Structure formats: structure tokens, C-alpha cells
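Numbering follows my numbering, with no gaps: position 571 of the sequence shown is 935.
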Amino acid sequence: MTTAVPPMDSPFPERAPTAPAAPTAPTAPGSAAGAATAGRPRWERPAYVALLLATAVLLLWNLGASGYANSFYSAAVQAGSESWKAFFFGSSDAGNSITVDKPPAALWPMALSVRLFGLGGWQILVPQALMGVATTAVLHAAVRRHFGPAAALISGTVFALTPVAALMFRFNNPDALLTLLLTVTVYCVLRALDGAHTKWLVWAGVAVGFAFLTKTLQAFVILPPLALVYAVCAPTRLRRRLGQLLLAGAAMVVAGGWWVAIVELWPASSRPYIGGSQNNSFLELTLGYNGLGRINGNETGSVGGGARPGGGGGGGWGETGIDRLFSANIGGQISWLLPAALVMLVTGLVITWRARRAADSLEGMARAAFLVWGGALLVTALVFSYMQGIFHEYYTVALAPFVAALVGMGVAMLWEERGGKAAALTLSGTLALTAWWSYVLLGRSAGYLPWLRWTVLAAGLAAAAGLLVGARLGRRFALGAAGLGLAAALAGPLAYCLTTVDSPRGGSIVTAGPAVSGGRGGMGMGMRFGGGELPPGAFPQGMPQGGPQQGQPGGGAQGGPRQFPRGQGAAAGQGFPGGQGALGGRGARGTENFAGGPGGGGMGGLLGGTKVGTEATSALRKDAGKYTWAAAAVGAQNAASYQLASGEPVMPIGGFNGSDPSPTLAQFQEYVRSGRIHYFIGEGARAGGEGQTGQTGQTARGGPGAGPGGGTSSAITSWIQANYRSTTVGGATFYDLTAPLNGTSAPS
């Protein structure tokens, strides 16, 4: 390697002569960890602190505007803050009727926060933001250890400014904790590789186990490349490597399996129903709805009920293929620096290819790092690109730390080698490619900062040219070109991040940045809902099914909002989760929910809940202490809205989709006979309290409630309608289950 760059610029600081440093703690023989302690530049610590502070400001800014964000998970957090049983199982309500359709690890930090500080949007979302800061810190530490402070700073900055990361670490879906734990896993594997330390490999297994308790089988996607790299590259004999991997696997099983074992052994009659399953089994949920069903699209109980025909082999969830991560809405979430990361992966492996197999040298450890980060990126990207089941844009946040690490590591290595023609051409060409791709992505949002795309392109190309001649014009010129190039590469993602934090995000399908032309979300052709779309055939009765017109944001003529029949959602945002109209902006009216954040209940509240007024809240609170559940409603988002507004348990019949067979008609009738449920809430008021007339119970009879368990929801609704008188409360239909039509006792 060349030595043209001063020592402090090198990603391998200890290889160049440095001034005598104060004595430090000894490192293990043969370890490459000297890079973490030798010759720290004076700017490193202030820059690191500034990175973490800036990340915290970005993630905490305007955080309360999103209110309860995804009310489905917020209701479970509220339940867990009141009932330790609900906390343990991840129940949707404190009455413990049904769980969310994920294991509960992601809910635990938020529920503890609410227990300590009370219920509110900030209390729920701040733990998520802190996870984002923690992920930045772990990523920085992982890259800094073997590639130096500059590489670590670049990696941390790239991660913090990835739009989908700025979105999901301000939101209450499980993906925030999952991303943190996956980053911790890679860090631990790298520490284990650096000296063949069993302890660190076991800790990696523990991290994966808890990641499983966060989002089930997605935690295992990165395991094959990590295990393979360790088995081949760890600097110890093969027998010991395999034994260490077995110990790590055992740690993973214990860390992730203890909760599963308790749930499976717990008598089903005394625990909540496992949401998302059709047989009240967490193992079925793991292997089916949240497992193989995500790959092959056969997800019993999902929206639409299992596999559906769709474009490109992706069912109703969008076209699959190698270009999926670069298309429409998805591209602007994650792919800004994805091409650069792939180039850096190849470059890093080429440069380090001649290193010895074992990771017992700096070059060998660098190659192992590229293999670990790159393997995790490639495997996850391929799974996302070809999975035919449920796929949302925000899933791609799992790729963010992998992309960021490869960019930081590769840029640092090429910067050290820039005196060579090949390295200079690669660095310059990668920057030009990144500038062009940013230009393309920014151009997908009609009218969105039109000056920025041209500025990014011009600055990026100018910086790329400067890097080609920088070695001949001196270090200052090269640094200036590098700084300009870094600014050009990050300007587009920064703009998307600022747009994201400037506006509230709510509902079940959210995206970062502005709306884009031709965007299909991850869900195929259908109506746009808060940055996503609904799959074909998933519309409630009476809701229009036409998708966006090709090339028009939101499907309206000349980029305008799609027109809906009167009373069935409007361009102002009614009926859209997140309070967003077709152009992704805030609705003119009816977009404020009980939390002060975005509201609106598209698809009968399936994806975005329901607006709840003071009249309905007062009714639910009246004599609530006499009942296990103040009310019941079809679908978890509907139930969550009423539960969060009133603070009282509301049973979500059928779980998230209204399609789980929970409770059965007989169980529900027994609850009513024993006086455990006060009200049943039929068709709720959508945004602004403007319900649709003549469609009470529609959600249970068609659309989202029509899955395998939808017959149960429909049977319960029909039984209630036949035996109990309805009244309108705050724009919603309430049935008093303590007052049957016959006036005597609850009917059988």
C-alpha cells in the first residue's frame, strides 16, 4: 500500500510512524485492535460527540407531531404499561384478549418508558430515537476499530442521514430495535474475529436471539454470511471455530427461545390469543405469517387472505426483482448510496484479496470486515428484492447500517490509496455515479426542490473531477474536492430526512421524504395510503379501487389528488392513515386525531385507526371499572384508537386484520353473558367524524375482515346487530351489550 497520506488520514493508523503516545492498556497478541487506541487525532472526540448530538437532534426534532404514530403498537405499549401480563405477552389490550402479530421485545422499552413517565407520543417514541443514536454509536465503534476515525465518522453520518432510518427511529414499529440489534450482532462478530474470542461470538448469539424476539425470522437473515466468514477466517484451528459457533448458536436459542417456550407451555385458556396466527400458536406465526409466508407470499390471515396474483411475481406487494430496491418509493428510502456501497464492497475485497485467510493481521481483518458487512448487505437485499409476501418500504432500514459501513470503509481505503491511478479512478467514478443517482431520485418528486438535483449533479461531477487530479495538486485541494463530494453525496438524503422530520407520520404504512411520481409503495397497484398502497382486492365495500394513474403522484390528473365519491375519503386527507392526502401533504381538515397527531382511518381503520371524539371517549370511560373491556371493535387499529383515547381496554376482534379467529362467537357470547364487555363499536367515524351511512359492520363483512378468521368477525357482528340496539355516539355506531333488544338477558 502507498504511504503518500499523512498518518492521521490512514484507516490503519498504527502502520505509519506516529509521535510517542501515552501508555495504553495492552492488546491481545496478534490482535488488530491497535487501530482503536493508537494516535487518536485531536479532532476525533469532538467530531464523534457532534455526530451523536446531531443524530439525536435529527431524531428528536418535532417528534411529538406524530402523536401515537402507529396506534396498533402504541395501544400494546399502553396495555403493557398497565398490566405486567400484557407487558410480557405483548397484548393489544390490558384485558389480554390477543397479542400483536410480533413478539414483544420491541414493545418493552416503550412500555417501561410509559410506566415511568405516563402515556403520550413523546414517551412512546423517545426510546426509539435513542435506539437510533445507539445504532450510530455502535456502527461508529465497529468501523473505527479497524479503519480509523475518518471512516467511522463517514459511516455514522451516512447512516444518520439515510431517510428510512430518520423515519423508523422516530416511529414505533419493531424495525428500530431490530436494526440496533443487527448492528450489535455484526459488531460482536467483528470483535470475535479479531483474536477468535469466544465471549464476543456468544454475545453475537445473544443479540440475534433478542432480535428474534423483536421481529422473528428476519433476525436470522444475516446469519449465513456471518457464520461462514467466522468459520473460514477466525484465527484459530477449525475445531475450535466450529465449537465457538455451536456455543453462539446455543446462546441464540436461549436468548430467543425462553420466551417462546413459556408462551407455548402456558395454558392457552389463561393467556392472550397469539395475534397473526390461525391456530393460537406462536410457532405457527413464526413459520407462517411472519416466516416462509413472507418469502412465498402464502400468508394465511394477511390482508386479502394469503397469496394473491400480482405483478412481477410479487403478489399484491409489488414487483420483485434485482431492481426492486431502486424503484419508485423504495429507491428514495435506502438506495442513495447503495450503488456506492456495492462498488466499495468489490473494491475493498480486491485490495485486501492477497491478505492471509486468518483475520490475524490488519489487512486480513479489513477483508473480514468487508465480507461480514457486505455479506449481510447482499443477503438481506436479495431477500427483500425477491420476497413475495408482505413487503413495506420501511423494512429497508435493516440495510442502512450495512450500506453506511461499506461506504465509510471503502472511502477510507481508497483515500489512502488515491495516489494510484486505479484507486483515484474508482473513487472519482463512484462519486460521479452517486451524484447521478441522487439526481435521478430527486427528479422522481415533481416540484420537490428542483434546484437541488442540478446542484447535486454539478457539485458531484466537479468533485469527481477534482479527485482525479487531487494527488497532483496537493493535499488541500484533494481535501476540498473530497469535502465537496461528500456534501454532494449527502445533500439528497439530508433533504429527504428534513422533509421527514418536518411532518407527522402515522398509520401502518409510512415512507420517508416527499411523495414520488409513479410510486407504488411496496404493495402493487392500489390506492395510496399515507405513503403506501393497498393490494388489489383489499378494499372495503363501497371504497373505490382504482390505482394511481401512471406517472402521476397520487393518481390525480396532472399530479393532483385522486377524486373519490363523496363521503368516501377526499383529497383533503380523510381516510388516509397519517393524515396524508394523495400528494403526501397534510389534510385540510379531519387530520388531527386524539393524540394531536395524524389521523384518518383508511380501509375502515385497518391501516390508520379512527378519529375518536370526546363523546365517544366519555361513553367508554363511564363505569369502565365494571368491565374487563370497555368495548370491542373489529380490527386492532380501530380498537387501538378508542383504547388510546379513553385509556380503557378495548378488545380488537380478529386482531390486526380482523381475520384472526379470536375470539370465537361462543367465546364472545360468554364474555357478554358474564358482563365483561360494555360496548361493541361498529363502523367508526373516519377523519373528522364523518362516518359512512348504511355500512355499519362493513369491516367485518368484507375487505380486511374477510380473511380465514373473518367469518368469526362477521358472525360476531351479525349476532350483535340482530340482538342489540345501536346508537350513534360521536359519529360511530355503539351497541350497548348490557341492554339486549329483548330487554331481559343476553341472548344465546
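Beta carbons are placed, not taken as given, at the ideal position from N, Cα and C, and that holds for glycine.
All values derive from a computational prediction rather than experimental measurement.
**OP:** Drop a sphere of 10 angstroms on the beta-carbon of L602, count the other beta-carbons inside from all chains shown, and report buried for 16 or more, exposed for fewer.
**Re:** Locating residue 602 in the sequence shown gives position 238, where the first residue counts as 1. Note on L602: under 16 other CB atoms within 10 angstroms of its CB, so exposed under the neighbour-count rule.
**OP:** Evaluate the contact criterion for the segment 438-457 versus the segment 990-1003: three or more CB pairs, one atom per stretch, below 8 Å.
**Re:** Yes: at least three Cβ pairs fall under 8 Å.
Original post:
Buried or exposed: which applies to I638, given that a residue is buried once 16 or more other Cβ atoms fall within 10 Å of its Cβ?
Top reply: Within the sequence shown, the letter at position 274 stands for residue 638. Buried is the call here.
Subject >> Nonlocal neighbours in the same chain, by C-beta distance under 6 Å from G739, ignoring five residues either side >> reply: Residue numbering aside, residue 739 sits at position 375 when the sequence shown is read from its first letter. Cβ neighbours of G739 within its own chain (closer than 6 Å, five residues either side excluded): P589.
Original post:
Among R836, M773 and T1028, which residue has its Cα nearest to the Cα of L706?
Top reply: To locate residue 706, count along the sequence shown from 1; it is residue 342. Residue M773 is the option with its Cα nearest to L706.
Original post:
Under 8 Å, do V572 and G696 count as touching if we go by C-beta distance?
Top reply: Position 208 of the sequence shown holds residue 572. Position 332 of the sequence shown holds residue 696. No. Outside cutoff.
Subject >> Three-state class that DSSP yields for T1092 in the structure shown >> reply: Mapped onto the sequence shown, residue 1092 falls at position 728. Taken through DSSP and simplified to helix, strand or coil, T1092 comes out as strand.
Subject >> Beta-bridge pairing of D1100 - partner residues as DSSP gives them >> reply: Here residue 1100 refers to the residue found at position 736 of the sequence shown. Beta-bridge pairing links D1100 to Y1043.
**OP:** Find the nearest neighbour of V624 within the set T580, I586 and C597, judged by alpha-carbon distance.
**Re:** Taking the sequence shown and counting its residues from 1, the one referred to as residue 624 is at position 260. With distances taken between Cα atoms, V624 lies closest to T580.
**OP:** Buried or exposed for F523, please, with buried defined as at least 16 other CB atoms from any protein chain shown within 10 angstroms of its CB.
**Re:** What you label residue 523 is simply residue 159 of the sequence shown in a count that begins at 1. That one is buried.
Original post:
What are the complete alpha helix (DSSP H) segments, minimum 4 residues, inside the segment 414-475?
Top reply: Complete alpha helix (DSSP H) runs here, min 4: 435-446 and 448-453.
Original post:
My guess is that P1025 and L525 are in contact by the Cβ rule of under 8 Å, so how many angstroms apart are they, rounded?
Top reply: Working through the sequence shown from its first residue, we reach residue 1025 at position 661. Working through the sequence shown from its first residue, we reach residue 525 at position 161. About 45 Å separates the beta carbon of P1025 from that of L525, a gap too long to meet the 8 Å contact definition.
Subject >> Spatially closest choice to T434 from Y758, A786 and G871, by CA coordinates >> reply: Along the sequence shown, one-based indexing puts residue 434 at 70. In the sequence as presented, Thr is not what sits at residue 434; that position holds Asn. Closest by alpha carbon: G871.
Subject >> Beta-carbon contacts of T790 that lie in its chain and below 8 Å, excluding the five residues immediately before and after >> reply: As a position in the sequence shown, residue 790 is number 426, starting the count at 1. Cβ-Cβ distances below 8 Å link T790 to V707, T711 and L778 in the same chain, with the five nearest sequence neighbours on each side left out; the list follows chain order.
Original post:
A583: buried (16+ other C-beta within 10 angstroms of its C-beta) or exposed?
Top reply: Your numbering for residue 583 matches position 219 in the sequence shown. Its Cβ being crowded by 16 or more others within 10 Å, A583 is buried.
Subject >> CB of G520 within 8 Å of CB of L423, strictly >> reply: The sequence position of residue 520 within the sequence shown is 156, counting from 1. The sequence position of residue 423 within the sequence shown is 59, counting from 1. Not closer than 8 Å, so no.
**OP:** With DSSP collapsed to three states, give me the class of M1015.
**Re:** Here the question's residue 1015 lines up with position 651 in the sequence shown. Three-state DSSP puts M1015 in a strand.
Original post:
According to DSSP, is Y991 helix, strand or coil?
Top reply: Against the sequence shown, residue 991 aligns to sequence position 627. DSSP places Y991 in coil when its eight states are reduced to three.
**OP:** Report the rounded CA-to-CA distance for S1159 versus V585, giving the unit in angstroms.
**Re:** With the chain covering only 365 through 1112, there is no way to say anything about residue 1159.
Subject >> Sufficient close CB pairs (3 or more, under 8 Å) joining the segment 543-556 to the segment 729-746 >> reply: Yes, the segment 543-556 is in contact with the segment 729-746.
Original post:
CA-CA distance, C597 and P513?
Top reply: Counting from 1 along the sequence shown, the entry for residue 597 is found at position 233. Counting from 1 along the sequence shown, the entry for residue 513 is found at position 149. Each residue's Cα considered, the two are about 25 Å apart.
Original post:
Where DSSP assigns a beta bridge to Y637, which residues make up the other side?
Top reply: Mapped onto the sequence shown, residue 637 falls at position 273. Y637 is bridged to I462.
**OP:** Helix, strand or coil for V880, going by three-state DSSP, please let me know.
**Re:** Within the sequence shown, numbered from 1, the residue matching residue 880 stands at position 516. Looking at V880 - three-state DSSP - the assignment turns out to be coil, as it is neither helix nor strand.
Original post:
If you compare alpha carbons, which of S634, R635 and G652 is closest to Q642?
Top reply: Walking along the sequence shown from the start, residue 642 turns up at place 278. The shortest C-alpha separation from Q642 is found at G652.
Original post:
Can we say the segment 1013-1027 touches the segment 1073-1083, given the rule of at least three CB pairs closer than 8 Å?
Top reply: Inter-segment contact for the segment 1013-1027 and the segment 1073-1083 is present: three or more beta-carbon pairs are separated by less than 8 Å.
**OP:** Could you spell out where the alpha helix (DSSP H) holding I715 opens and where it closes?
**Re:** Looking up residue 715 in the sequence shown gives position 351. Where I715 is concerned, the enclosing alpha helix (DSSP H) stretches over L702 to I715.
**OP:** Quickly, what does DSSP pair V998 with across the bridge? List them, please.
**Re:** Here residue 998 is taken as the residue at index 634 of the sequence shown, counted from 1. In the DSSP assignment, the residues bridged to V998 are I1017.
**OP:** For T974, count neighbouring Cβ atoms within 10 angstroms of its own Cβ and tell me buried if that reaches 16, exposed if not.
**Re:** Here residue 974 refers to the residue found at position 610 of the sequence shown. When all chains shown are included, T974 counts as buried.
**OP:** For the segment 782-865, list the alpha helix (DSSP H) runs that are entirely contained and at least 4 residues long, ordered along the chain.
**Re:** Taking only runs of at least 4 residues, the alpha helix (DSSP H) segments lying wholly in the segment 782-865 are 785-807 and 814-837.
Subject >> Assigned secondary structure, Q752 (DSSP; H/G/I helix, E/B strand, else coil) >> reply: Your numbering for residue 752 matches position 388 in the sequence shown. Three-state DSSP puts Q752 in coil, outside helix and strand.
**OP:** Taking 8 Å as the threshold, find out whether the segment 978-985 comes into contact with the segment 1028-1038 through three or more Cβ pairs.
**Re:** The segment 978-985 vs the segment 1028-1038: no contact.
**OP:** Kindly indicate which three-state DSSP category G621 falls into: helix, strand or coil?
**Re:** Numbered from 1 along the sequence shown, position 257 holds the residue referred to as residue 621. Correct three-state label for G621: helix.
Original post:
Can you give the Cα-Cα distance for W700 and A516, rounded to whole angstroms?
Top reply: Your numbering for residue 700 matches position 336 in the sequence shown. Your numbering for residue 516 matches position 152 in the sequence shown. If I take the Cα positions, the gap works out to 19 Å.
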